[in-house]
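J.:
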Amino acid sequence: MKYKLLVLDVDGTLVNSKKELSVQTLTTLLKIQHAGIRIVLASGRSPYGLRHLVEKLEMKKWGGYILPYNGAQVIDTGNDEVMFEKRIDPVMFPYLEKKANKNGFGIFTYHKNQLITTDPENEHIRNEATLNGMEIVAVENLSAAVDFSPCKCVLVSDNETALVALKDQWRKRLAGVLDVYRSESFFLEVVPPFIDKGNTLGVLIEKLGITSEEVMAIGDGRRDFSMLQLAGLGIAMGNAQDSIKACADYTTENNDNDGVALAVQKFIIAAVSPADIPPERLNAGNQNTLMGNLGIQYTYASASRIEAVMPVDERTRQPFGILHGGATLALAETVAGMGSMLICEPDDIVVGMQISGNHLSSAHEGDSVRAVGTIIHKGRSSHVWNVDVFTSTDKLISSIRVVNSVLKKR
2 MKYKLLVLDV DGTLVNSKKE LSVQTLTTLL KIQHAGIRIV LASGRSPYGL
52 RHLVEKLEMK KWGGYILPYN GAQVIDTGND EVMFEKRIDP VMFPYLEKKA
102 NKNGFGIFTY HKNQLITTDP ENEHIRNEAT LNGMEIVAVE NLSAAVDFSP
152 CKCVLVSDNE TALVALKDQW RKRLAGVLDV YRSESFFLEV VPPFIDKGNT
202 LGVLIEKLGI TSEEVMAIGD GRRDFSMLQL AGLGIAMGNA QDSIKACADY
252 TTENNDNDGV ALAVQKFIIA AVSPADIPPE RLNAGNQNTL MGNLGIQYTY
302 ASASRIEAVM PVDERTRQPF GILHGGATLA LAETVAGMGS MLICEPDDIV
352 VGMQISGNHL SSAHEGDSVR AVGTIIHKGR SSHVWNVDVF TSTDKLISSI
402 RVVNSVLKKR
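Its first residue numbered 2, the sequence shown is counted upward by one per residue in the working numbering.
#1: Please name the residue in L27, I33, G203 whose C-alpha comes closest to that of P275.
#2: Suppose contacts are defined by Cβ-Cβ distances below 8 Å. Is T14 in contact with D259 by that definition?
#3: Please classify G367: is it buried, with 16 or more other beta-carbons within 10 angstroms of its beta-carbon, or exposed?
#4: Drop a sphere of 10 angstroms on the beta-carbon of A130, count the other beta-carbons inside from all chains shown, and report buried for 16 or more, exposed for fewer.
#5: Would you kindly work out how many angstroms separate the C-alpha atoms of A145 and D349, rounded to a whole number?
#6: Compute the Euclidean distance between the alpha carbons of T212 and A285, then round it to the nearest angstrom.
#7: Determine contact between the segment 152 to 171 and the segment 73 to 89, defined as no fewer than three beta-carbon pairs at a distance below 8 Å.
#8: Please confirm whether N405 and S341 have their CB atoms less than 8 Å apart.
#9: Bridge partners for Q298 per DSSP, in chain order?
#10: Kindly list the residues whose CB is nearer than 7 Å to the CB of Q298, restricted to its own chain and excluding five residues on each side of it in sequence; keep chain order.
#11: Buried or exposed: K99, going by 16 or more other Cβ atoms within 10 Å of its Cβ?
#12: R223: which of L205, N240, K208 sits nearest, CA to CA?
#13: Does the Cβ-Cβ distance between G233 and E207 come in under 8 Å?
#14: Quick one, are the C-beta atoms of G72 and I40 less than 8 Å apart?
#15: Where V92 and D257 are concerned, what is the direct C-alpha to C-alpha distance, given to the nearest angstrom?
#16: Given that a residue counts as buried once 16 or more other Cβ atoms are within 10 Å of its Cβ, and exposed if not, what is V165?
#17: Using only the alpha-carbon positions, how far apart do S382 and A271 sit?
#18: By alpha-carbon positions, which one of I219, A262, Q266, V273 ends up nearest to A249?
#19: Could you check if V352 is buried or exposed, using at least 16 other CB atoms within 10 Å of its CB as the buried criterion?
#20: Kindly list the residues whose CB is nearer than 8 Å to the CB of D221, restricted to its own chain and excluding five residues on each side of it in sequence; keep chain order.
#21: Sort L156, N200, L361, G199 by Cα distance to Y96 and report the nearest one.
#22: Taking K409 as part of the alpha helix (DSSP H), name the residues at either end of that continuous run.
#23: Taking the Cβ atom as the reference point for each residue, do V191 and Y70 lie within a distance shorter than 8 Å?
#24: Below 8 Å on the Cβ atoms is my contact criterion, and I expect H125 with F187 to pass it. Report the Cβ-Cβ distance as a whole number of Å.
#25: How many angstroms separate the CA atom of Q102 from the CA atom of E346?
#26: Quick check on DSSP: helix, strand or coil for Y4?
#27: Can you list, in chain order, the residues of its chain whose CB lies under 7 Å from that of Q355, leaving out five sequence neighbours each side?
#28: Report the rounded CA-to-CA distance for G210 versus D159, giving the unit in angstroms.
#29: Report the option in Q288, V181, D389 whose CA atom is closest to the CA atom of A337.
#30: Using DSSP with H/G/I as helix, E/B as strand and the rest coil, what is C345?
#31: From L291, Q74, L42, S47, pick the residue whose C-alpha is nearest to that of K61; which is it?
#32: Measure the Cβ-Cβ separation of I398 and S362 and say whether it is below 8 Å.
#33: Starting from R371, trace the beta strand (DSSP E) both ways and give me its first and last residue.
#34: Have a look at T392, N114, M292 and flag the residue whose alpha-carbon is nearest the alpha-carbon of S47.
#35: Applying the 10 Å Cβ sphere with the 16-neighbour rule, what's the burial state of G45?
#36: Find the nearest neighbour of L202 within the set V181, G235, N359, judged by alpha-carbon distance.
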């Protein structure tokens with residue numbers, strides 16, 4: 002597969018204008034993870050604010066990464082390891098807070114599941130807390146409350162001219178100490194020096210031992226420019242600013258029309274053959290499922306054929322020590338279901354509709370059986386598979402017909 006990493010901005014890109022993850026986008030992203038591609042969420046949100054998306058996308062299971070605070074950290078979602086981070090020295094906060102107070106700006110920072118601020122009633126601050134699902138902690142003196150090293154501090158005002166003036170002043174005065182940028186017309190963000198999504202993405206791909214050509218990135222805002230430029234394929238959302246579209250390799254639909262899903266389908270799924278997917282990647286999806294409990298392991302996959310093995314042991318045998326017919330049918334339906342899933346459209350789902358089998362012989366405890374599934378009919382709404390099951394000595398013990406229904410996910 003050409004791409005090994007898919008990097009996604011979140012707000013304005015991955016989620017729609019209602020801050021929701023659409024069914025089509027979710028289905029598409031789950032499918033490519035099954036195929037071996039890892040997802041990276043690069044966002045201005047805090048790690049706490051990304052937790053629900055990480056859970057929905059099953060990134061802990063598939064081993065993705067998050068770049069919260071616009072790149073101040075890299076966190077492995079598989080084990081919650083912080084692989085990289087840069088933080089603001091808390092001694093800077095008296096100066097930052099003094100400037101905020103002098104200009105009449107609100108100011109806040111993040112800590113675990115809390116948003117700490119001196120202006121708890123500010124509409125923009127309340128919206129930020131809601132977006133991240135964080136508790137607002139009101140304090141009179143932010144500098145005194147910050148006894149830790151934050152990853153980001155934000156000044157807030159509807160006076161855009163004043164924010165721009167302070168940004169220009171700080172870029173000169175704080176150069177090499179802190180970086181400042183405007184993520185929204187009403188936000189002036191302060192981060193550790195040299196932190197942006199592109200620089201941090203560069204750290205991650207170096208740690209993973211891959212090249213930028215193996216990275217596809219999608220975004221919509223000014224903070225996404227650097228990662229789109231670094232990626233082998235940089236894609237701008239249809240709702241992106243014109244300057245972002247100009248620097249991207251391709252422009253997809255907007256975030257209310259599944260722009261991420263359409264781009265992934267065009268540049269990743271359409272280019273991936275089932276034979277490109279390593280069996281260990283397919284097997285990773287079996288954890289904590291019937292297949293995992295029965296010990297079923299895929300060994301081969303192509304567009305027309307799929308194979309898997311299953312042990313004959315205490316999980317799959319009858320009391321008399323021979324393979325249970327029900328376990329054999331479960332193996333056959335597993336093989337046919339995976340085969341259909343690999344060849345159906347990204348927004349399709351596959352459900353078993355009918356199964357019938359002939360058990361011709363038996364397999365004994367201590368042996369293993371191999372299922373070979375071949376598709377004999379591929380329609381738009383149904384697939385028919387023939388699944389033959391053999392012992393380790395290639396004796397045919399069952400021949401099974403499986404019919405799958407292919408439905409559009411709603």
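Note that CB positions come from ideal geometry on N, CA and C, so glycine has one too.
T.: In brief:
#1: I33
#2: no
#3: exposed
#4: buried
#5: 54 Å
#6: 24 Å
#7: yes
#8: At the C-beta level, N405 and S341 come within 8 Å of one another.
#9: V310
#10: These residues qualify, in order along the chain: N284, A309, V310.
#11: By the 10 Å Cβ count, K99 comes out exposed.
#12: N240
#13: no
#14: No; because the gap between Cβ atoms is not below 8 Å, this pair is not in contact.
#15: Distance between the alpha carbons of V92 and D257 is about 42 Å.
#16: exposed
#17: Approximately 20 Å, taken between the alpha carbons.
#18: I219
#19: Flag for V352 reads exposed.
#20: D10, G13, T14, A237, M238, N240, A241, Q242, I245, N256
#21: L156
#22: Run containing K409: none in the alpha helix (DSSP H); it sits in the beta strand (DSSP E), 397 to 409.
#23: no
#24: 5 Å
#25: Gln is not the amino acid found at residue 102; the sequence shown has Asn there. Approximately 55 Å, taken between the alpha carbons.
#26: coil
#27: V404
#28: 44 Å
#29: That would be D389, whose Cα lies nearest to the Cα of A337.
#30: coil
#31: It is L42.
#32: yes
#33: 369 to 379
#34: N114
#35: buried
#36: Proximity to L202 across V181, G235, N359 peaks at G235, based on C-alpha coordinates.
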